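Protein chains in written order, with our numbering: chain A, 181 to 392; chain B, 958 to 967.
Beta carbons: idealized from backbone N, C-alpha and C, even for Gly.
Given the structure is predicted, the values throughout are model-derived calculations rather than measurements.
What follows is a single structure, written as structure tokens, with notes after it.
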Amino acid sequence: MNIFRLIGDMSHLLAIVLLLLKMWKTRSCAGISGKSQILFALVFATRYLDLFTAFISAYNSTMKLFFISTSLVTVYLMYFKFRATYDANHDTFRLEFLVVPVGGLAFLVNHNFSPLEILWTFSIYLESVAILPQLFMMSKTGEAETITSHYLFALGSYRALYILNWVFRYYFEGFFDLIAVVAGCVQTILYCDFFYLYITKVLKGKKLSLPA
Amino acid sequence: LSNFVVKDEL
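Here it is as structure tokens:
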């Protein structure tokens with residue numbers, strides 16, 4: 181555990197808490213892509229199956245359980261409790277266009293051709309593109325609430341911090357996981373346009389609106 | 958299952 185990894189994990193945790201708070205306080209999931217949230221639940225459910233096969237640390241297990249349970253709660257809130265506020269008309273990204281190619285790639289490019297390893301690889305690849313329905317939705321509506329942009333900034337920063345963690349681990353521990361690094365870079369690159377808008381608009385007190 | 962390389966990251 182190094183400082184980049186720890187801040188990265190805390191940023192990920194903060195993102196999830198921000199999203200849940202936004203929904204709970206406003207009793208609304210307006211502006212949030214339910215499809216991205218379904219993908220995140222799928223990401224956690226397929227990645228953390230090793231909860232049952234290996235124990236790493238109390239921190240590790242606690243975080244895994246937190247991510248799995250909160251992602252399921254988020255999907256429940258969006259599709260059941262606050263369903264009336266869900267903006268389905270703008271959430272039109274086709275999930276099969278992500279899940280099918282990512283599933284195929286996980287079968288072809290993995291560290292080991294075993295069920296758990298393929299599911300882990302699927303999860304890593306899927307996470308890298310899981311935000312696309314959310315970004316697609318924002319490009320259709322042309323704006324985002326400020327709390328939603330804070331959520332997205334924390335969520336995007338988490339993987340960017342993991343990249344620093346991987347650089348650190350490569351130099352000081354000789355650790356290198358090509359699949360995680362490539363997918364993590366792709367994931368971070370997808371956020372760059374948003375990061376730019378966040379820094380130039382939201383941090384200056386303006387609402388995030390996209391150029392037409 | 959035994960072929961799974963243990964991952965310590967989240």
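Option in the options with minimal Cα separation from residue i
i	options	result
VAL309(A)	ASN269(A), CYS365(A), SER319(A), GLU325(A)	CYS365(A)
TYR338(A)	GLU307(A), GLU323(A), PHE352(A)	GLU307(A)
SER389(A)	LEU332(A), LEU370(A), GLU323(A), ILE369(A)	GLU323(A)
LEU229(A)	GLN314(A), SER251(A), SER303(A)	SER303(A)
LYS205(A)	LEU341(A), PHE262(A), HIS291(A), GLU353(A)	PHE262(A)
ALA195(A)	GLU276(A), ALA334(A), PRO281(A)	ALA334(A)
TYR259(A)	SER213(A), LYS244(A), GLU276(A)	SER213(A)
C-beta neighbour in chain B for residue i, strict 8 Å
i	result
GLU323(A)	no
ASN269(A)	no
HIS291(A)	yes
ASN240(A)	yes
THR250(A)	no
ALA234(A)	yes
ASP395(A)	Coverage of chain A is limited to positions 181 through 392, which leaves residue 395(A) absent and any answer about it impossible.
Three-way DSSP call (helix, strand, coil) for residue i in this model
i	result
SER389(A)	strand
GLU966(B)	coil
GLU325(A)	coil
MET181(A)	coil
TYR338(A)	helix
ARG274(A)	coil
VAL280(A)	helix
HIS291(A)	coil
ASN960(B)	coil
ILE298(A)	helix
GLY211(A)	coil
ASP267(A)	coil
PHE232(A)	helix
ILE311(A)	coil
PHE356(A)	coil
PHE246(A)	helix
Chain B contact residues for residue i, given Cβ-Cβ distances below 8 Å
i	result
GLU297(A)	ASN960, PHE961, VAL962
Other residues of its chain near residue i: CB distance less than 6 Å, five sequence neighbours each side excluded
i	result
GLY336(A)	TYR371
THR321(A)	HIS270
THR328(A)	GLY211
ARG185(A)	ASN345
Neighbourhood of residue i by C-beta distance below 8 Å, restricted to the same chain and skipping five residues each side
i	result
PHE356(A)	TRP346, ARG349, TYR350
Partners in chain B for residue i, counting only beta-carbon separations shorter than 9 Å
i	result
LYS244(A)	LEU967
ASP373(A)	The premise fails here: ASP373(A) is roughly 25 Å from chain B at the closest Cβ pair, so nothing lies under 9 Å.
Cβ-heavy atom distance, residue i to the ligand GDP, below 7 Å
i	result
LEU312(A)	The ligand GDP is absent from the structure shown, which contains no ligand whatsoever.
Chain B contact residues for residue i, given Cβ-Cβ distances below 7 Å
i	result
TRP204(A)	Those do not exist, as TRP204(A) stays about 24 Å from chain B at its closest Cβ, beyond 7 Å.
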